[in-house]
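Following: one structure in structure tokens, then a few remarks.
Residue numbers (UniProt numbering): 1 to 390.
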């Protein structure tokens with residue numbers, strides 16, 4: 001079984017500057033029992049490739065030229081199964097070029113609801129190019145089925161894995177630090193977090209805050225006034241803009257409490273997994289796949305408005321034993337449930353099942369191949385006759 005994993009345009013699969021999607025794809029592959037038969041197709045340009053034997057196309061190609069280059073690599077590799085990560089439109093176009101292969105879309109984020117009947121038709125046509133649609137949580141898959149019920153039979157889910165060694169720290173010895181880690185967007189709950197953090201810091205002089213703000217350049221105009229309200233705390237609040245993954249890991253390992261106050265239904269919520277793995281107690285909105293990420297091991301605040309976030313933070317700040325016990329339980333939970341070996345095996349099982357289903361679907365329904373060979377030999381040279389009814 002040959003498997004091709006096609007990463008989206010712009011992905012170079014570098015180890016030093018990997019985004020969350022690339023990290024998930026790499027982690028799944030490194031722990032796959034099928035990795036000897038897998039090749040990853042991505043753009044060239046990684047200073048330190050995250051994986052061996054990458055198949056690359058030149059970086060910076062137009063959409064059409066990149067599609068042609070990827071198709072050429074696919075034709076040369078001749079996989080049985082093609083797994084396209086994230087991008088719907090370009091992946092659907094490629095899948096149509098290989099109708100006799102198993103084509104799977106691996107979606108790391110939610111597929112937005114269609115805004116019109118035309119949207120539904122257009123997206124539905126693209127989605128039908130795939131034999132399976134993999135989502136990173138059951139919640140994301142169920143949301144999709146609500147919008148596209150005709151495709152319910154093609155939906156599968158594989159939750160994201162978390163590499164414990166990259167994040168793990170002892171929950172017992174933490175700084176009195178409250179962390180927000182996510183994109184600097186309104187939908188991520190940054191504003192109510194800032195308000196709640198300020199209220200807690202005002203009453204707890206020995207506590208501090210840290211904000212790891214992703215995609216800062218894109219969201220700076222909206223986010224700047226929100227974080228400026230924290231300037232009065234001086235060095236008690238750390239602001240990290242578009243930090244690297246090692247920086248995020250270092251700060252998360254220090255924090256006693258992490259907050260994921262997202263207003264949107266997250267596909268899964270990697271920041272929640274990372275907080276648990278690092279040994280922080282977590283406050284979460286629980287929306288979308290966030291409850292699958294945390295199970296029973298988070299304080300859920302929904303809706304994640306400042307007054308309720310403040311109360312949840314104050315309770316954890318005031319109770320060291322409860323906070324540490326929650327952090328330990330959350331860390332143990334993700335280490336077992338979201339372990340890379342568990343999630344990779346789940347994905348490999350799906351890949352193998354799809355190959356078996358395809359093989360069975362291509363057999364004539366009237367007889368297995370062994371019977372077909374025997375019947376063919378017995379009848380060779382004999383004329384076909386029709387037995388009259390009655």
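Where a beta carbon is used, it is the ideal one built from N, C-alpha and C, also for glycine.
Please identify the residue among the options whose C-alpha is closest to the C-alpha of residue i.
i: residue 196; options: 187, 333, 209; result: 209
i: residue 415; options: 303, 310, 12; result: Here the chain covers residues 1 to 390 and nothing more, so residue 415 does not appear.
i: residue 257; options: 330, 54, 225; result: 330
i: residue 73; options: 84, 88, 80, 55; result: 55
i: residue 61; options: 36, 85, 9; result: 9
i: residue 95; options: 130, 117, 121; result: 130
i: residue 32; options: 362, 339, 109; result: 339
i: residue 138; options: 115, 127, 17, 107; result: 107
i: residue 207; options: 177, 218, 192; result: 177
i: residue 235; options: 332, 125, 205; result: 205
i: residue 57; options: 70, 245, 47, 192; result: 70
i: residue 213; options: 242, 66, 320, 232; result: 242
i: residue 36; options: 67, 125, 357, 79; result: 79
i: residue 98; options: 111, 67, 119; result: 67
i: residue 4; options: 89, 101, 248, 304; result: 101
i: residue 89; options: 75, 123, 77, 247; result: 123
i: residue 182; options: 249, 307, 321; result: 249
i: residue 120; options: 132, 198, 144; result: 144
i: residue 175; options: 252, 299, 337, 192; result: 252
i: residue 63; options: 91, 350, 133; result: 91
i: residue 254; options: 150, 198, 173; result: 173
i: residue 77; options: 17, 1, 323, 247; result: 1
i: residue 305; options: 259, 29, 361, 225; result: 259
i: residue 28; options: 362, 351, 356; result: 351
Might you give, ordered along the chain, the residues of its own chain that have their beta carbon closer than 6 Å to the beta carbon of residue i, omitting 5 neighbours on each side?
i: residue 378; result: Because residue 378 carries a pLDDT of 37, less than 50, the predicted location of this residue cannot be relied on, and the following value inherits that uncertainty. None.
i: residue 211; result: 180, 239
i: residue 113; result: 147
i: residue 345; result: none
i: residue 109; result: 267
i: residue 141; result: 135, 155, 157
i: residue 291; result: none
i: residue 237; result: 209, 230
Given a threshold of 16 other Cβ atoms within 10 Å of its Cβ, counted over all protein chains shown, does residue i qualify as buried or as exposed?
i: residue 228; result: exposed
i: residue 167; result: buried
i: residue 341; result: exposed
i: residue 152; result: exposed
i: residue 301; result: buried
i: residue 409; result: Since the first residue shown for the chain is 1 and the last is 390, residue 409 is missing from the structure and cannot be characterised.
i: residue 289; result: buried
i: residue 221; result: exposed
i: residue 299; result: buried
i: residue 191; result: buried
i: residue 287; result: buried
i: residue 149; result: exposed
i: residue 127; result: buried
Leaving out the 5 sequence neighbours to the left and right, which residues in its chain are closer than 7 Å to residue i when beta-carbon positions are compared?
i: residue 11; result: 22, 42, 43
i: residue 53; result: 39
i: residue 294; result: 272, 276, 282, 284, 330
i: residue 358; result: 102
Apart from the five residues on each side of it in sequence, which residues of its chain come closer than 8 Å, Cβ to Cβ, to residue i?
i: residue 20; result: 108, 270
i: residue 13; result: 7, 22, 25, 26, 40, 42, 46, 49, 50, 51, 54
i: residue 348; result: 32, 33, 34
i: residue 200; result: 178, 207, 310, 313, 314, 317
i: residue 118; result: none
i: residue 170; result: 279
i: residue 354; result: 81, 102, 104, 131, 132
(message) Any contact between the segment 259-275 and the segment 186-194? By contact I mean 3 or more CB pairs, one from each, below 8 Å.
(response) yes
(message) Any contact between the segment 23-32 and the segment 146-161? By contact I mean 3 or more CB pairs, one from each, below 8 Å.
(response) yes
(request) For the segment 321-330 and the segment 272-284, state whether three or more C-beta atom pairs, one from each stretch, are separated by less than 8 Å. (result) yes
(request) Pick out the complete beta strand (DSSP E) segments inside the segment 65-105, 3 residues or longer, and give them in chain order. (result) 81-85
(request) May I ask you to verify whether the segment 75-89 touches the segment 97-107, counting CB pairs closer than 8 Å and requiring at least 3? (result) yes
(message) Just to confirm the assignment: which complete beta strand (DSSP E) runs, minimum length 3, are found wholly within the UniProt domain "Glycosyl transferase family 1" (172-331)?
(response) 175-183, 208-214, 237-241, 255-260, 281-284
(request) Counting only runs of 4+ residues fully inside the segment 108-146, write out the alpha helix (DSSP H) ranges in chain order. (result) 117-127
(request) Please go through the segment 25-57 and give each complete alpha helix (DSSP H) segment of 4 or more residues, from N-terminal end onward. (result) none
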